[in-house]
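Residues in the sequence shown are numbered from 1 upward in steps of one, following full-length UniProt numbering.
By construction, the Cβ of each residue, glycine as well, lies at the ideal position given by its N, Cα and C atoms.
Here's the structure we're looking at; comments come further down.
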Amino acid sequence: MAEQGVLLDQDQFCCSICLDLLKEPVTINCGHSYCSNCIEDCWDKDDPKGAYNCPQCRQTFSPRPALMKNSLLAMVVGNMRKIGLQPTPPAMCFAGPGDVECDFCNGRKQKALKSCLVCLASYCETHLQPHYNIAPLMKHKLIKATTQLQDNICSHHDKLLEIFCRTDQQCICYLCTMDEHKGHDTVSITAEKMEKQKQIGLSQQRVKQRVQEREKELKEVQKAVEALSRSAQAAVEESERIFTELIDSVERRRSEMKELIVAQEYTAVSQAEGLMERLEQEIAELKMRGVELEKLAHTEDHIHFLESYQSLASPSVFSDLPTIAVCPLPHFEDVSEAVSNLREKLEGVLKREWCRISTRGRLEMRVSSVYFDGISVRLLLCVIVCFSESSRCSTPSRTQDQSRLLTIFLSAHPGPTHIIQTTLSV
């Protein structure tokens, strides 16, 4: 049972600096014991300050205390070593790259868990215990381990920055209030932080409200883009439909033009062939009569000559022949010329109207709404009317140099109606 008690209390004989059994233990003025080498190394670092602290209770000594060997502890620890008892080492968590190191670990440093704003030091789990168990240390302000503790020290007085100067908007120590910040509006850092936190709360509310407003505007813009896409798609489909109808109309006019020319050609050729047949028949008859007249001219039978003369060579016989009027055949150069003129005028209309359509096709984006002016059908109407006129102008009955006036009412932007008069000379 006694052995179990020793096992339970053996951690009390460990050095809080090296975390091992005490070696040449010494006890300092506050009553805490350390390895002689461990406390010597620790205080060597404090020589520039001229003040020496206990690593556990942070009590300050000046001048540097003389170290005396604790014979009782040395005997107890020696006995523990003889019977093979070793303290149960705590779980080690050594500091790695980027970690904050414990300021009180010798040799390989353990990872610090907390930093003390009063002690201005960082502690691992083992060396942090006094701040949880010793009353004076329990009042210290502990924060998450940081390497920027020096930023909490006044560069002029080497004192903790614990006051905020509202006049100069900077953190100062209490000695600064008696020096260059004397008479300034000052408060504790804690009070200033609370005030700033209230302002941060208001700023967060404003940011949240602004985010909501922007999200609402974003949704409006997204809806506008969707409306724009629908409008553009509708305009594309409508323009495709109209252009398809226009192409079909042109194809129909082309077919009608071809059929009309072929029909006129057939009629003219038929009339010419009939006339040629009649002429060939009369030529054959006249040739036969010429042969008979040749025979009659050389006959020696006077009676037969006189009897046949009346029916073959009498002038009245030739006067009875029908007169055939040979009219000039129609030609189609005028049709080609009319179609060529129509093409030139159509190209002119296309150029003029396309500029207007392109201008009206530009987009206007607004946050509240979207305006999309689709492709105008005015040009298409003009083209259809012109092709319609072309089919009528190409008929054989058209009169040369006749002028046809096409008045096309084109609806422009809201306002008075614009009238464009296009004259087709055919």
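Have a look at the DSSP bridge pairing and note the partners of residue i.
i           : result
ILE261      : ILE261 is not bridged to any residue.
residue 440 : Residue numbering for the chain in the displayed model covers 1 to 426; residue 440 lies beyond these limits and cannot be assessed.
PHE305      : Per DSSP, none; premise fails for PHE305.
LYS69       : VAL26
ILE83       : For ILE83, which the question treats as bridged, DSSP gives no partner whatsoever.
ILE172      : ILE163
PHE13       : PHE13 pairs with nothing; no bridge assigned.
GLU101      : LYS111
PHE94       : GLN110
LEU21       : CYS14
PHE61       : TYR52
Quick check: residue i and residue j, are their CB atoms within less than 8 Å of each other?
i      : j      : result
CYS57  : ILE17  : no
LEU149 : SER188 : no
LEU117 : LEU73  : no
VAL26  : ASN70  : yes
ASP47  : ASN53  : no
LEU161 : ILE172 : yes
Could you give the distance in angstroms between the alpha-carbon of residue i and the alpha-carbon of residue j?
i           : j      : result
ASP20       : ALA66  : 23 Å
SER36       : CYS176 : 40 Å
GLN310      : GLU285 : 17 Å
LEU306      : HIS298 : 12 Å
LYS111      : ALA145 : 9 Å
ARG210      : ALA227 : 25 Å
SER33       : GLN12  : 10 Å
PHE94       : LEU113 : 11 Å
ILE357      : ARG343 : 20 Å
SER155      : MET138 : 27 Å
ILE247      : GLN264 : 25 Å
GLU251      : ILE261 : 15 Å
ILE163      : GLY31  : 35 Å
ASP44       : THR147 : 22 Å
VAL335      : GLY274 : 25 Å
SER397      : GLU280 : Confidence at SER397 is low in this model, with a pLDDT of 41, below 50, so the placement of that residue should be treated as unreliable; the coordinate-derived value is given next. Straight-line Cα distance between these residues: approximately 30 Å.
PHE332      : SER249 : 23 Å
residue 453 : GLU292 : Examination of residue 453 is not possible in this model, given that the chain is present from 1 through 426 alone.
MET276      : LEU296 : 30 Å
HIS157      : CYS165 : 16 Å
LYS208      : GLU217 : 14 Å
ALA234      : ARG206 : 42 Å
CYS355      : GLU215 : 39 Å
GLU195      : PHE104 : 36 Å
PRO97       : LYS223 : 51 Å
GLN170      : MET178 : 15 Å
GLN204      : CYS124 : 36 Å
SER231      : ARG352 : 25 Å
GLY107      : ILE134 : 26 Å
ASN79       : MET68  : 20 Å
ARG81       : MET75  : 10 Å
PRO136      : LYS198 : 32 Å
LYS219      : GLU245 : 39 Å
LYS287      : ARG278 : 14 Å
ARG254      : GLU294 : 59 Å
HIS304      : TYR266 : 50 Å
SER270      : GLU240 : 44 Å
CYS393      : ALA268 : Note that CYS393 has pLDDT 44, beneath the 50 cutoff, so the model's placement of it is unreliable and the number below is only indicative. The straight-line gap from Cα to Cα measures roughly 19 Å.
GLY348      : ASN341 : 11 Å
Can you tell which of the options has the C-alpha that lies nearest to the C-alpha of residue i?
i           : options                        : result
THR126      : LEU22, CYS15, GLU251           : CYS15
THR167      : SER255, GLU292, HIS181         : HIS181
GLY183      : TYR174, ALA191, ILE189, ALA232 : TYR174
CYS119      : ILE143, LEU346, VAL207, HIS304 : ILE143
ILE39       : PRO55, GLY31, PRO48, LYS49     : PRO55
MET257      : ARG352, MET276, ALA338         : ALA338
SER62       : ASP185, ASN79, PRO25, GLY50    : GLY50
LEU312      : GLU300, PHE332, GLY290         : GLY290
residue 429 : ARG278, SER231, GLU240, CYS102 : Residue 429 cannot be examined here, being either before or after the span of the chain that is shown, 1 to 426.
ALA121      : GLN199, SER231, ASN152         : ASN152
From the beta carbon of residue i, is the nearest beta carbon of chain E less than 8 Å away?
i      : result
ARG206 : In summary, chain E is missing from the structure at hand, where a single protein chain is found.
Say yes only if the C-beta of residue i is nearer than 7 Å to one or more non-hydrogen atoms of the ligand NAD, and no if none qualify.
i     : result
PRO55 : The ligand NAD is not among the ligands present in this structure, which contains no ligands whatsoever.
Kindly provide the ranges of any alpha helix (DSSP H) runs that are 4 or more residues long and lie completely inside the region 106-157, ordered along the chain. 130-133, 135-138
As an exercise, report each continuous beta strand (DSSP E) stretch of at least 3 residues that is fully enclosed by the region 181-267, in chain order. 186-188
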